[in-house]
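Numbering (UniProt numbering), first residue to last: 1 to 285.
Positions of the beta carbon are idealized from the N, C-alpha and C atoms, including for glycine.
Shown next, in structure tokens, is the structure this report addresses.
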């Protein structure tokens, strides 16, 4: 485990200063790291992928609990140093660790066995796109626990009818059952961020949503609905469907009121709208 002095010592040796540009805030509290691993329900047979390992606080804790850990790091200096940190601090587990020096948004393949879990302190400025990319790219990921900005955590876990329910909420729900899994104080980071943090748990659906519409087709409806969230779906989906009348036809066929708004719909209802439009187009309407 890395304590506050260890983190600062490592950073100083590497000449590293956390940057806002990459949303870097390093965890310096060992109890928080243990809590994350415990809350993530990391198991001895898990292959865990970690995004943004930084100096390795969480990486070391994951290596102690999982079978293997693959860390994805974009920063040149941090990526170069992490294998040595693992070898020095946890030599008996070093052969269970792999590093991918890349932007997580561009990762499409990982070394070794397929990942079963994603556990990460995600860079706050790219948390949602990285999370959705990893879930889409690696369908073997069954369980996810990510630490993100508290506001983002609330949004990801929000349900229909909530004012903060939106695109991230629906897209995350496409993949998984999503819930808030705790709050994290600011003083466990270096530097301390100006925002509170939260943990989000995502357990992948055991079966995909029963729809003939593709993920891209459903997400297109979601994007259109929330691009003008104050408008009724009849109006908000006019561009997507080709006209307000076509949108109304698809909505009615899906059993959704044309006067409803996107924030009131479940992911299943968005899928039904995409499927209805697909059916209508197939019939030549």
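Compare the C-alpha of residue i against each of the options and name the closest.
{"i": "residue 168", "options": "67, 135, 276, 11", "result": "135"}
{"i": "residue 73", "options": "67, 82, 65", "result": "82"}
{"i": "residue 215", "options": "272, 11, 188", "result": "272"}
{"i": "residue 183", "options": "173, 149, 244", "result": "149"}
{"i": "residue 106", "options": "51, 78, 219", "result": "51"}
{"i": "residue 101", "options": "109, 94, 95", "result": "109"}
{"i": "residue 17", "options": "256, 191, 240, 207", "result": "191"}
{"i": "residue 241", "options": "279, 45, 44", "result": "279"}
{"i": "residue 296", "options": "252, 260, 84", "result": "The question about residue 296 has no answer, for the chain in this structure spans 1 to 285."}
{"i": "residue 282", "options": "257, 258, 250", "result": "250"}
{"i": "residue 220", "options": "258, 40, 174", "result": "174"}
{"i": "residue 2", "options": "69, 39, 163, 189", "result": "189"}
{"i": "residue 39", "options": "232, 265, 147, 258", "result": "147"}
{"i": "residue 246", "options": "256, 277, 265", "result": "277"}
Look at residue i and residue j and say whether their C-beta atoms are less than 8 Å apart.
{"i": "residue 171", "j": "residue 157", "result": "no"}
{"i": "residue 33", "j": "residue 42", "result": "no"}
{"i": "residue 263", "j": "residue 159", "result": "no"}
{"i": "residue 145", "j": "residue 49", "result": "no"}
{"i": "residue 299", "j": "residue 59", "result": "For residue 299 there is no data in the structure shown, the boundaries of the chain being 1 and 285."}
{"i": "residue 193", "j": "residue 204", "result": "no"}
{"i": "residue 176", "j": "residue 202", "result": "yes"}
{"i": "residue 209", "j": "residue 181", "result": "no"}
{"i": "residue 142", "j": "residue 116", "result": "yes"}
{"i": "residue 275", "j": "residue 212", "result": "yes"}
{"i": "residue 104", "j": "residue 130", "result": "yes"}
{"i": "residue 137", "j": "residue 114", "result": "no"}
{"i": "residue 54", "j": "residue 90", "result": "no"}
{"i": "residue 66", "j": "residue 46", "result": "yes"}
{"i": "residue 270", "j": "residue 195", "result": "no"}
{"i": "residue 236", "j": "residue 227", "result": "yes"}
Taking its Cβ as the centre, do 16 or more other Cβ atoms sit within 10 Å of residue i, making it buried, or is it exposed?
{"i": "residue 286", "result": "What the structure shows of the chain is the stretch from 1 to 285, and residue 286 is not part of that stretch, so it cannot be assessed."}
{"i": "residue 234", "result": "buried"}
{"i": "residue 92", "result": "exposed"}
{"i": "residue 80", "result": "exposed"}
{"i": "residue 5", "result": "exposed"}
{"i": "residue 243", "result": "exposed"}
{"i": "residue 44", "result": "exposed"}
{"i": "residue 56", "result": "buried"}
{"i": "residue 197", "result": "buried"}
{"i": "residue 248", "result": "buried"}
{"i": "residue 252", "result": "exposed"}
{"i": "residue 121", "result": "buried"}
Once DSSP output is grouped into helix, strand and coil, what is the label at residue i?
{"i": "residue 182", "result": "strand"}
{"i": "residue 10", "result": "helix"}
{"i": "residue 119", "result": "strand"}
Return yes when the C-beta of residue i is under 7 Å from any heavy atom of the ligand FAD, and no when it is not.
{"i": "residue 131", "result": "Only the bare structure without any ligand can be found here, which leaves the ligand FAD out of the picture."}
Within the stretch 24–109, note down every full alpha helix (DSSP H) run reaching 4 residues or more, in order along the chain. 30–39, 57–65, 76–89
Just to confirm the assignment: which complete alpha helix (DSSP H) runs, minimum length 4, are found wholly within the stretch 123–186? 127–137, 150–157, 167–175
List in chain order: all unbroken alpha helix (DSSP H) runs of 4+ residues lying wholly within the stretch 197–267. 215–227, 233–236, 238–241, 244–253
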